[in-house]
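Q: Residue numbers (the numbering used here), protein chains in the order written: chain A, 1 to 235; chain B, 1001 to 1235. Structure in structure tokens, see below.
2 protein chains.
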Amino acid sequence: MTARFYCADLSGADAVLNETESHHALHVLRMREGDEAELFDGGGITAEAVIEQTDRRCVRLRIRSRRTVPLPQRPSLTVAAAVPRGDRLRSMIEKLTELGVDRVIPLRTQRSVADPRPGRIDRLQATVISAMKQSGRNHLLKVEEAMEFSVVLRNAAGSGQVLYMAHPGRAAEQQPVIPERDALLLIGPEGGFTSEEVLQAADYGAHRLIWPEGILRIETAAVVFSALLLSRLHG
Amino acid sequence: MTARFYCADLSGADAVLNETESHHALHVLRMREGDEAELFDGGGITAEAVIEQTDRRCVRLRIRSRRTVPLPQRPSLTVAAAVPRGDRLRSMIEKLTELGVDRVIPLRTQRSVADPRPGRIDRLQATVISAMKQSGRNHLLKVEEAMEFSVVLRNAAGSGQVLYMAHPGRAAEQQPVIPERDALLLIGPEGGFTSEEVLQAADYGAHRLIWPEGILRIETAAVVFSALLLSRLHG
């Protein structure tokens, strides 16, 4: 596969990689003038390009052709998940990017402990871009600022999304996925959602999703239920 | 939730935790004499127990009651996956344990690079146990020694498992899951399966599984397709 690089501006005849991407091209992949690369702007535009100039910190490419990649033909999926500790958050964002999840909202719940700082969320965008380079995805996954549980419920209902709540229970309590509607998936913290939160979500018509075997960690639940929802949203 | 500990022998009136589990009880959870715990032997027996004696490195518990937990009522799932680099292997085993996968075979393929050494596989059993403590799973996930692709195919066919191969392609090439049969899921290395391997698997009647959006990393593919298969095997 041709090496892929992120470049926010692909509108001109030339494209200049930022420092991170230039470093990857020059010092990890050891690319040089004349080498070909694929560029993506995160908004669905990709370009075939060739390196025309490099210095120690910067790569400039000439764009040969450009194409617009449409969004996947399916309803959107937003994941509102409590924040797992340490590297598990980074790993969760990486996997949700690979899968095709559209948006992630760090969720504040009654039993949540961690809350990512704004700087952390910026660094997560680097994780998103790195996963896009590897997976071939062309539209950015957006990581929002942390949000309160009740605000997420209200916004989702207001915008017509169907709510899905991952919460342990008997298999019979599992509720169906509606393939033709935009979806918002709620993933609770380590200690789970409180019964108050479960009732609150039920008031908004949230559908219950249950893993039939055991308790999943936050990041496992986010990936597993996103996979199950996306495969249904694709019809 | 009561703290859970692994103990291979729950047959007597008392149970003695090994060094790792004793350390977890004494120095992480700071438990002491009189505290209650749940024990599991990895073969489906669990016990309610109370700590009756501790020293710096060892915990002895008195067993109060014992119960046998049946295996999940579904066909089995074995995952034969190329070995991802570094910590991604540990993370993959952790998630497959949480999900309920029965067995993992590190897969040698034409494009595989990593091959875990025997010592590494022993350490992965510690990952399995740690995931079982947290997820409530009671039957060990078995991590086998690394095996050649062709041997895996032959063994699976010989034991009547249905083969599933995760390999990119057009959505129309996706083949159905047979819910009532034991399953073996093949996950290729970073560069993918070779066309020779794809043909070889097709000769054994392997069903093709396709993720409709982009290329998944080894450990992401293993988790995603295991989740999709298990949710179908549960019917």
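Glycine included, C-beta positions come from ideal geometry on N, C-alpha and C. Since the model is a prediction, treat every value here as computed from it, not as a measurement.
#1: Return the chain-ordered ranges of every beta strand (DSSP E) run that is complete within the region 1065 to 1092 of chain B and spans a minimum of 3 residues.
#2: Under 8 Å by Cβ, that's how I've got Arg1064/B and Glu1052/B pegged, so tell me the actual separation to the nearest angstrom.
#3: Taking a contact to mean a Cβ-Cβ separation below 7 Å, would you say Val1016/B touches Thr1046/B in this structure?
#4: Give the secondary structure of Ile1210/B by DSSP, where H, G and I count as helix, E and B as strand, and everything else as coil.
#5: Do you know whose CA, among Glu36/A, Pro116/A, Gly119/A, Gln134/A, lies nearest Gly1192/B's CA?
#6: For Ala1049/B and Ala1003/B, I'd like the C-alpha separation in whole angstroms.
#7: Could you tell me how far apart the beta carbons of Gln1073/B and Thr1194/B are, in whole angstroms, since I believe they sit closer than 8 Å?
#8: Smallest Cα separation from Glu1038/B: which of Phe1005/B, His1024/B, Glu1197/B, Ser1226/B?
#9: Looking at the unbroken beta strand (DSSP E) that takes in Pro106/A, where does it start and where does it end?
#10: State yes or no: is the C-beta of Leu1010/B nearer than 6 Å to some heavy atom of the ligand ATP?
#11: Among Met31/A, Asp55/A, Thr54/A, Leu228/A, which one has its Cα closest to the Cα of Pro176/A?
#12: Thinking C-beta only, is Ile105/A closer than 7 Å to Glu144/A?
#13: Between which two residues does the alpha helix (DSSP H) holding Gln1125/B run?
#14: According to DSSP, His24/A sits in a beta bridge with which residue or residues?
#15: Between the region 1064 to 1089 of chain B and chain A, which residues of the former have a C-beta closer than 7 Å to a C-beta of the latter?
#16: Just to confirm the assignment, what range does the beta strand (DSSP E) spanning Ala1171/B have?
#17: Alpha carbon to alpha carbon, how far is Gly205/A from His1027/B? Give it in angstroms, no decimals.
#18: Against chain A, which members of the region 1112 to 1145 of chain B pass a CB distance test of less than 8 Å?
#19: Helix, strand or coil: which one does DSSP assign to Gln53/A?
#20: Can you tell me where the beta strand (DSSP E) with Val16/A in it begins and where it stops?
#21: By the three-class DSSP mapping on this structure, what secondary structure does Leu233/A have?
#22: What's the gap between the Cα of Leu163/A and the Cα of Ala222/A?
#23: For the region 1203 to 1219 of chain B against the region 1155 to 1171 of chain B, do three or more pairs of beta-carbon atoms, one drawn from each stretch, fall closer than 8 Å, so that the two count as touching?
#24: Can you tell me which of the three DSSP states Ile218/A falls into?
#25: Decide if Asp115/A is buried, meaning its Cβ has at least 16 other Cβ atoms within 10 Å, or exposed.
#26: Check Glu1148/B in the structure and name its three-state DSSP category.
#27: Could you give the residue range of the beta strand (DSSP E) that holds Leu199/A?
#28: Have a look at the DSSP bridge pairing and note the partners of Gly43/A.
#29: Sort Leu96/A, Gly34/A, Val59/A by Cα distance to His23/A and report the nearest one.
#30: Closer than 7 Å by C-beta to Leu1233/B: which residues in its own chain qualify, once you throw out the five before and the five after it? Chain order, please.
#31: Using only CA atoms, which one of Val1113/B, Asn1138/B, Ser1130/B, Lys1142/B lies nearest to Ile1121/B?
#32: Going along the chain, which residues of its own chain have a beta-carbon closer than 8 Å to the beta-carbon of Arg1181/B, five neighbours each way excluded?
#33: Quick one: which chain B residues come within Cβ less than 7 Å of Glu98/A?
#34: Ala227/A touches chain B at which residues, Cβ-Cβ below 7 Å?
#35: Give me, in chain order, the residues of the same chain whose beta-carbon lies closer than 6 Å to that of Asp1035/B; leave out the 5 immediate sequence neighbours on both sides.
#36: Quick check on the DSSP output: the beta strand (DSSP E) that includes Arg4/A runs from which residue to which?
A: Once the coordinates are examined:
#1: 1077 to 1081
#2: Within the second sequence, residue 1064/B is the residue found at index 64, counting from 1. Within the second sequence, residue 1052/B is the residue found at index 52, counting from 1. Contact flag wrong, Cβ pair sits at about 11 Å.
#3: Looking up residue 1016/B in the second sequence gives position 16. Looking up residue 1046/B in the second sequence gives position 46. No, the Cβ-Cβ distance between Val1016/B and Thr1046/B is not below 7 Å.
#4: Here residue 1210/B corresponds to residue number 210 of the second sequence, with the count starting at 1. Coil.
#5: As a first step, residue 1192/B is located in the second sequence; it is residue number 192 there, counting from the start. For Gly1192/B, the nearest C-alpha among the options comes from Gln134/A.
#6: If you number the second sequence from 1, residue 1049/B lands on position 49. If you number the second sequence from 1, residue 1003/B lands on position 3. Taking the CA atoms as reference points, Ala1049/B sits about 11 Å from Ala1003/B.
#7: On the second sequence, residue 1073/B is found 73 positions in, with the first residue counted as 1. On the second sequence, residue 1194/B is found 194 positions in, with the first residue counted as 1. The C-beta distance from Gln1073/B to Thr1194/B rounds to 38 Å, too long to meet the 8 Å contact threshold.
#8: Here residue 1038/B refers to the residue found at position 38 when the second sequence is read from its first residue. Answer by Cα proximity: Phe1005/B.
#9: Numbered from 1 along the first sequence, position 106 holds the residue referred to as residue 106/A. Element bounds for Pro106/A: 103 to 108.
#10: Among the components of this structure there are no ligands whatsoever, and the ligand ATP is therefore not found.
#11: Here the question's residue 176/A lines up with position 176 in the first sequence. Selected option, being the one with the closest Cα: Leu228/A.
#12: Translated into the one-based positions of the first sequence, residue 144/A becomes position 144. Translated into the one-based positions of the first sequence, residue 105/A becomes position 105. Cβ atoms of Glu144/A and Ile105/A: closer than 7 Å.
#13: Position 125 of the second sequence, counted from the start, is the residue given in the question as residue 1125/B. Where Gln1125/B is concerned, the enclosing alpha helix (DSSP H) stretches over 1118 to 1135.
#14: Position 24 of the first sequence, counted from the start, is the residue given in the question as residue 24/A. In the DSSP output, where bridge partners are listed per residue, His24/A has none listed.
#15: Pro1072
#16: Against the second sequence, residue 1171/B aligns to sequence position 171. No beta strand (DSSP E) contains Ala1171/B, which DSSP labels as neither H nor E.
#17: One-based indexing of the second sequence puts residue 1027/B at position 27. One-based indexing of the first sequence puts residue 205/A at position 205. Using only the alpha carbons, I get a separation of about 44 Å.
#18: Gln1134, Ser1135, Gly1136, Arg1137
#19: On the first sequence, position 53 is the one that residue 53/A refers to. Assignment of Gln53/A by DSSP, reduced to helix, strand and coil, places it in the strand class.
#20: Within the first sequence, residue 16/A is the residue found at index 16, counting from 1. Start and end: 14 to 16.
#21: Translated into the one-based positions of the first sequence, residue 233/A becomes position 233. Residue state, collapsed to three classes: helix.
#22: As a working mapping, residue 163/A is identified with position 163 in the first sequence. As a working mapping, residue 222/A is identified with position 222 in the first sequence. Between Leu163/A and Ala222/A, the alpha-carbon positions lie close to 14 Å from each other.
#23: yes
#24: Here residue 218/A refers to the residue found at position 218 of the first sequence. DSSP places Ile218/A in helix when its eight states are reduced to three.
#25: Taking the first residue of the first sequence as 1, we reach residue 115/A at position 115. Exposed is the call here.
#26: Position 148 of the second sequence, counted from the first residue, corresponds to residue 1148/B. Three-state result, Glu1148/B: strand.
#27: Translated into positions along the first sequence, residue 199/A becomes position 199. Counting along the chain, Leu199/A falls outside any beta strand (DSSP E), though it belongs to the alpha helix (DSSP H) covering 195 to 203.
#28: The sequence position of residue 43/A within the first sequence is 43, counting from 1. His139/A, per the DSSP bridge assignment.
#29: Within the first sequence, residue 23/A is the residue found at index 23, counting from 1. Nearest of Leu96/A, Gly34/A, Val59/A to His23/A, Cα basis: Val59/A.
#30: What you label residue 1233/B is simply residue 233 of the second sequence in a count that begins at 1. Correct list, in chain order: Arg1074, Pro1075, Leu1077, Pro1179, Ala1183.
#31: Numbered from its first residue, the second sequence carries residue 1121/B at position 121. That would be Lys1142/B, whose Cα lies nearest to the Cα of Ile1121/B.
#32: Taking the second sequence and counting its residues from 1, the one referred to as residue 1181/B is at position 181. Pro1075, Gly1160, Gln1161, Val1162, listed in sequence order.
#33: Within the first sequence, the letter at position 98 stands for residue 98/A. Here the neighbours are Gly1214, Leu1216, Arg1217, Thr1220.
#34: Taking the first sequence and counting its residues from 1, the one referred to as residue 227/A is at position 227. Neighbours of Ala227/A on chain B, chain order: Val1224, Ala1227, Leu1228.
#35: If you number the second sequence from 1, residue 1035/B lands on position 35. Around Asp1035/B: Ile1051.
#36: Position 4 of the first sequence, counted from the start, is the residue given in the question as residue 4/A. Segment 4 to 6, the beta strand (DSSP E) holding Arg4/A.
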